[in-house]
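Notes for the one structure printed next.
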Amino acid sequence: MRFLFLSLLAFAFASPLLAQKINAGYRLAIREASSPVLIDGVMDEKTWEDAEVATDFFMITPMDTSFARVKTDVRMSYDADHLYLLVVNHHAVEGPYMVESLRRDFSFGKNDNFLLFMDPFDDLTNGFSFGANAAGAQWDGQMYNGGSVDLSWDNKWTSKVKNYEDKWIFEAAIPFKSIRYKKGITEWGINFSRLDLKTTEKSGWAPVPRQFPSASLAYTGTLVWDNPPPDPGANISIIPYALGGVSKDFQNEGATEKRGEVGVDAKIALTSSLNLDLTVNPDFSQVEVDRQVTNLDRFELFFPERRQFFLENGDLFAGFGYTTIRPFFSRRIGLNAPIQFGARLSGKLNKDWRIGAMNMQTGEVEEDALPSQNFTVMALQRQVGARSNIGAIFVNKQSLNYSPDPNSENPVYSQFNRNLGLEYNLASANNIWTGKAMLLQSFAPDNTGQGLVHAANLKYAAGNLTWSWQHEYVSENYTAEVGYVPRRGYYKVNPFVGYRWFPKSEKILSHGPDASSTLFYNTKGVHTDNNSFISYNVRFRSQSNLSTYFIYDFVKLQAPFDPTNSGNEKLPVGSDHYAFSWRTEYVSKPQSVFTYGFSTRLGGYYADGELYTLTTDLGYRFQPYVSFALSTTYNKIVLPEPWGTTDYLLVGPRVDVTMTNTLFFTAFVQYNEQLDNVNLNTRFQWRFKPASDIYLVYTDNYLPDPFHVKNRSLVLKFTYWWNI
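Throughout the sequence shown, residue numbering follows mature numbering (1 follows the signal peptide of the UniProt record, and there is no 0), covering -19 to -1, 1 to 705 in sequence.
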């Protein structure tokens, strides 16, 4: 543990010495447009004739030591309002393009695609991504953590893809009002990524080592402006919505309820890099439903945020901490009470400082005796060295005009819950070393929820070898009511090591072992959990993957637990449980119109029982317009009495119809035997203008046996993005 802190500290002081940009020699000049640009996928404007060309891409996979076989040419330009991009994606071999559909924000590995990664501050950490697949489906996202892309982010821009016999051309216009950048900066970080599934080749303009994603901002080149980018001027967007709908609770014989609501969002650019978001009476009925899972765990499951209002610069708030130690989790807001209004301030103060501040107000729910509540989050981040940063966060949940009565029959809610945190995020200039060290303190009335968290990790990934170390401490009283911390009162250590060989083989891209142990101890030092595995992984040149795992599990229960999670009898506190199991996973190559994947788990379970799991994912597409998917999970639990044998089946067929890249229909059915529920969700979306939509959403829930409706709803929603 001491070595880990010394390593992080050493990198904190050494990182300024490593601040030289790796691909500083890759420079693309961008000039003002010499003629009007029509977004039609045709390279016939004088602007493109005059533009400098980024070409001679480097291969990232299957090898990262040569130029790409697939030729790609990129040109960029601009005028007073737009940043323009034109990409000629040449074919390397004959044959049709390969895509899933025309659905936005497609799966990267399943589509022939081109992506732009843009770092307007050239800080190697934050930015924007835009792109398209070969059929014209758009991709846009906000970049954070040096290479992650949040595809839930959405903004206004236009594009067109046109296919030719020997190439496909992608042309786009991105309004300066849709991105954030600092006025006067004339050098932006930039890189371009191309994936061609026929040759299974991924390439980039500025070279990226194959152990990193092509989105890694540590390896961007430089976009050199002939003049400072134009000032976008007044940048205010008003996004009103109106909806109407009906719903009925058949299970409780409720009356048909009608809905008629209006609300508005606003985006105000205080500077070209700092944005204020406002919302009044927001509605998120069009947000895609969560994919259900069978829960056999002792702890709460995590589902990601999908609501648009919370997403821009969302990493400032949600990125603090670890996956299972999150002091702020925005899905806690509006979970049991309607959001009345809210405001978010987020963005860059300058190249080194980022800020985030959020305030949300929810209404009172009389039937649950739930008071109105206010949620405040403040985050500050300071870049240090090449790509590292120091961050601080404050989270406050406050019940308004509320004095709980412990003798009342009504539920008792806390008067307030607060969290204060500090963390250091390490990222070396070449991305080989990454890590984090953090402290959190919670505060609550009478110190009942006052507790401490400490955690740190360090990861090394270079060439063939990857290793990491992580440890965590969460005190028993630590409370984050607006966070996601499913487990408390423990120490955890987690070492990991992996190695990959890259043979000169026509079929295998890489193969090698991984080994990991995750050990838990309670706050008294008693060993409570051990999840350890050894695996072997093979990645084929066709992009298919095969992995197999040998797993050892040990649990000393710290709380009563029903191993079937069905409300049955519970295993006692302090009981020990050991299990060995074998898991196998396979995912087929994405080039086929029929794709499949499966995972199996065979072995022991709690109480000397057995658990058999089979998960399958099947897909078929009539590209680019229709795709079918079927996901199934079957669990068979064999235990002694009183549990006996329990079977859980989860089935989720889905169909996506993309008539154009602005007209979509999705139908998603989920049968969950564990919840004894069948859910149907259908969504029709027409993007009649950039970022402006009409949605028709129909939802049904059924009791499978006997089959009848539990509840049903229908919503028609209209949103319009209006720039002032």
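Where is the CB? At the ideal position from N, CA and C, for every residue including glycine.
Predicted model only: the values in this text are computed from it and were never measured.
Note on residue 334: under 16 other CB atoms within 10 angstroms of its CB, so exposed under the neighbour-count rule.
Using a 10 angstroms sphere on the CB of residue 232, the tally of other CB atoms stays under 16, which defines it as exposed. In the DSSP assignment, the residues bridged to residue 48 are 39. DSSP places residue 27 inside the alpha helix (DSSP H), whose first and last residues are 27 to 31.
A residue is called buried once 16 or more other Cβ atoms fall within 10 Å of its Cβ, and residue 628, having fewer, is exposed. At least 7 Å separates the beta-carbon of residue 537 from that of residue 504. The segment 400 to 417 makes contact with the segment 294 to 304; the number of CB pairs closer than 8 Å reaches 3 or more.
The DSSP-derived three-state label of residue 354 is strand. Rounded to the nearest whole angstrom, the CA to CA distance from residue 179 to residue 568 is 17 Å. Using a 10 angstroms sphere on the CB of residue 310, the tally of other CB atoms reaches 16 or more, which defines it as buried. Judged by beta-carbon spacing, residue 319 lies within the 7 Å limit of residue 344, meaning their Cβ atoms are closer than that value.
A distance below 7 Å between beta-carbons, with the five flanking residues on each side excluded, links residue 571 to the following residues of its chain, in chain order: 90, 91, 178 and 524. For the segment 523 to 578, not one full-length alpha helix (DSSP H) segment reaches 4 residues or more. In this structure, the alpha-carbon of residue 662 lies about 30 Å from that of residue 462.
DSSP places residue 289 in the helix class (H, G or I) of the three-state scheme. The beta carbon of residue 560 is closer than 7 Å to those of 534, 584, 585 and 586 in its chain, skipping five residues each way along the sequence.
In terms of Cβ geometry, residue 614 and residue 596 form a close pair [threshold 7 Å]. Under DSSP, residue 705 forms no beta bridge with any residue. Distance between residue 81 and residue 392, taken at the CA atoms: about 49 Å. Excluding the 5 residues flanking it on each side, residue 315 has same chain C-beta neighbours closer than 7 Å at 343, in chain order. Around the beta carbon of residue 328, a 10 Å sphere encloses 16 or more other beta carbons of the protein chains shown; the residue is thus reported as buried.
Taking one beta carbon from each stretch, the segment 111 to 131 and the segment 63 to 80 have 3 or more pairs nearer than 8 Å; the two touch. Per DSSP, the unbroken beta strand (DSSP E) holding residue 173 starts and ends at 168 to 177. In the DSSP assignment, residue 277 falls outside any beta strand (DSSP E), carrying neither H nor E. In the three-state reduction of the DSSP assignment, residue 610 falls in the strand class.
A distance below 6 Å between beta-carbons, with the five flanking residues on each side excluded, links residue 543 to the following residues of its chain, in chain order: 549 and 551. Rounded to the nearest angstrom, the gap between the Cα atoms of residue 73 and residue 655 is 49 Å. DSSP, read as helix, strand or coil, puts residue 389 in coil. Under the rule that a run must span 3 or more residues, the beta strand (DSSP E) segments found entirely inside the segment 362 to 435 read 369 to 380, 397 to 408 and 414 to 424. Residue 670 is not a Cβ neighbour of residue 267, given a cutoff of 7 Å.
Taking a cut-off of 8 Å for Cβ pairs, the segment 54 to 71 and the segment 100 to 110 do not touch, as fewer than three such pairs fall below it.
Residue burial annotation: residue 134 is buried, with at least 16 other C-beta atoms found within 10 angstroms of its C-beta. Secondary structure at residue 490: strand, using DSSP grouped into helix, strand and coil. Secondary structure note for residue 298: its alpha helix (DSSP H) is the uninterrupted segment 296 to 299. The beta-carbon separation of residue 692 and residue 229, rounded to 7 Å, stays under the 8 Å limit for a contact. Residue 520: member of the beta strand (DSSP E) spanning 508 to 521, first to last residue.
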